[in-house]
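K.L.:
In mature numbering (1 follows the signal peptide of the UniProt record, and there is no 0), the protein residues as written are -21 to -1, 1 to 116.
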């Protein structure tokens, strides 16, 4: 069950990271803001980007989240709140990925430690763990 929860958290984190990374703009030092780094120096893409600029902008989806304690008293604008929520989502996803990495390292450590044991010791360890495991009623 724990693995399913961790796997779901990783997938959710990656999706959230992908959405936030996709929505960020990059700025060229000598030019206007670009939505994609692949369009940075191309002349033919400037015509396409001019056409994109003329299209009406789609409304941004609002990100939900919670402000840190006492931050409501600061009089934050909606844009500031949305930016805080986006950054929280980014960092939460990053933490989830690191937690998954920690679990992977712990698993590797356990496997490595068990490699030191003899077959008889491994069998005895399993017996001990089964004795201590909660018994279904």
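Just so you know, even glycine gets a beta-carbon here, dropped at the ideal spot from N, CA and C.
Is the distance from the Cβ of residue 61 to the Cβ of residue 41 below 8 Å?
P.N.:
Yes, these two residues count as a Cβ contact at 8 Å.
K.L.:
Residue 108 and residue 96: beta carbons closer than 8 Å?
P.N.:
Against a cut-off of 8 Å, the Cβ pair of residue 96 and residue 108 comes out as no contact.
K.L.:
Whole angstroms are fine: how far does the CA of residue 45 sit from the CA of residue 52?
P.N.:
Roughly 13 Å separates the two Cα atoms.
K.L.:
If you draw a straight line from the C-alpha of residue 90 to the C-alpha of residue 84, how long is it?
P.N.:
Looking at the two C-alpha atoms, the distance is approximately 10 Å.
K.L.:
Mapping the DSSP letters down to three states, classify residue 94 as helix, strand or coil.
P.N.:
Coil at residue 94, not helix or strand.
K.L.:
Thinking C-beta only, is residue 69 closer than 8 Å to residue 43?
P.N.:
No, Cβ-Cβ distance for residue 43 and residue 69 is not below 8 Å.
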